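In this note's numbering, the protein residues as written are 164 to 365.
Here the structure comes first, spelled out in structure tokens, and everything after it is commentary.
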Amino acid sequence: MLGYGFCGYSNSFPFGCSLKIKLMAASSSYSSPCAACKFLRRKCIPGCIFAPYFPPEEPRKFANVHKIFGTSNVTKLLNELLPHQREDAVNSLAYEAEARIRDPVYGCVGAISFLQRQVQRLQKELDAANANLFRYACNEIHRTAMGAAPSPPVALRSIQSLTPQQPPPSVEYGDGNGGGGGVFYLPPALQFPNYPLPWKDL
Numbered sequence: 164m165l166g167y168g169f170c171g172y173s174n175s176f177p178f179g180c181s182l183k184i185k186l187m188a189a190s191s192s193y194s195s196p197c198a199a200c201k202f203l204r205r206k207c208i209p210g211c212i213f214a215p216y217f218p219p220e221e222p223r224k225f226a227n228v229h230k231i232f233g234t235s236n237v238t239k240l241l242n243e244l245l246p247h248q249r250e251d252a253v254n255s256l257a258y259e260a261e262a263r264i265r266d267p268v269y270g271c272v273g274a275i276s277f278l279q280r281q282v283q284r285l286q287k288e289l290d291a292a293n294a295n296l297f298r299y300a301c302n303e304i305h306r307t308a309m310g311a312a313p314s315p316p317v318a319l320r321s322i323q324s325l326t327p328q329q330p331p332p333s334v335e336y337g338d339g340n341g342g343g344g345g346v347f348y349l350p351p352a353l354q355f356p357n358y359p360l361p362w363k364d365l
């Protein structure tokens, strides 16, 4: 009565709870076969060596491995390995099998060669970028050194400031009445200060 009342009238376990408990027990004792056993159409027994690495939701994974390497060879390989090494071995076999199916001629070697060429190309691009960066740094150092150099002498700056459109300074002499005269051009280094010249009054 206690058990019936508990199952029949409890809010947590409504009517028919005994049936649900039986179904839960049955489902817990039942497990889907792994992808290997399902592919081979055999019963997946407890301790199946394929079950941890070929789950039922990945049937293609075992199908590829079986097609390329064979079930007996894979079984022998897994039995020879330690338990902690089997997962990496299965992943490697699955990768090689898929690569061989995609590229029957080269298999995973073709994928590895492609990745190696890509690495070489990226390495060349990196070397070129480093060379440009080094050249830019050298130019910056050169410009900084030139900016910190001492300025040239005053006379040299005067000569450098002259352009073809700017003739050198000149001084006129003579009375301007037909009595002779001319223009005397002063070299940049011999420019006189701005004060009246004595021969202008002659």
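In this text, a Cβ means the ideal position worked out from N, Cα and C, and glycines have one as well.
Keep in mind it's a predicted model, so treat the numbers as computed, not measured.
Cβ neighbours of residue i in the same chain (closer than 7 Å, five flanking residues each side left out)
{"i": "residue 216", "result": "249, 250 and 253"}
{"i": "residue 232", "result": "256 and 260"}
{"i": "residue 203", "result": "234"}
{"i": "residue 207", "result": "196, 197, 200 and 214"}
{"i": "residue 226", "result": "202"}
{"i": "residue 292", "result": "none"}
Cβ-based neighbour list, residue i, same chain, cut-off 6 Å, excluding 5 preceding and 5 following
{"i": "residue 266", "result": "273"}
{"i": "residue 263", "result": "231 and 270"}
Start and end residues, alpha helix (DSSP H) containing residue i
{"i": "residue 384", "result": "Missing from the structure shown is residue 384; the chain here goes from 164 to 365 and no further."}
{"i": "residue 243", "result": "234–243"}
{"i": "residue 274", "result": "271–310"}
{"i": "residue 215", "result": "Neither: residue 215 is in no alpha helix (DSSP H) and is coded neither H nor E."}
Where residue i falls: helix, strand or coil (DSSP)
{"i": "residue 192", "result": "At residue 192 the pLDDT is 37, less than 50, meaning the model places this residue with poor confidence; the figure from the coordinates comes in the next sentence. Three-state DSSP puts residue 192 in a helix."}
{"i": "residue 266", "result": "coil"}
{"i": "residue 220", "result": "coil"}
{"i": "residue 186", "result": "The predicted position of residue 186 is uncertain, since its pLDDT is 39 and thus under 50; a value taken from the coordinates is nonetheless stated next. Looking at residue 186 - three-state DSSP - the assignment turns out to be helix."}
Distance cut-off 8 Å: residue i Cβ against heavy atoms of the ligand MN
{"i": "residue 241", "result": "Questions concerning the ligand MN fall outside what the structure shown contains, since it holds no ligand whatsoever."}
For residue i, the nearest candidate out of the options (CA to CA)
{"i": "residue 246", "options": "210, 289, 205 and 292", "result": "210"}
{"i": "residue 212", "options": "239, 222 and 258", "result": "239"}
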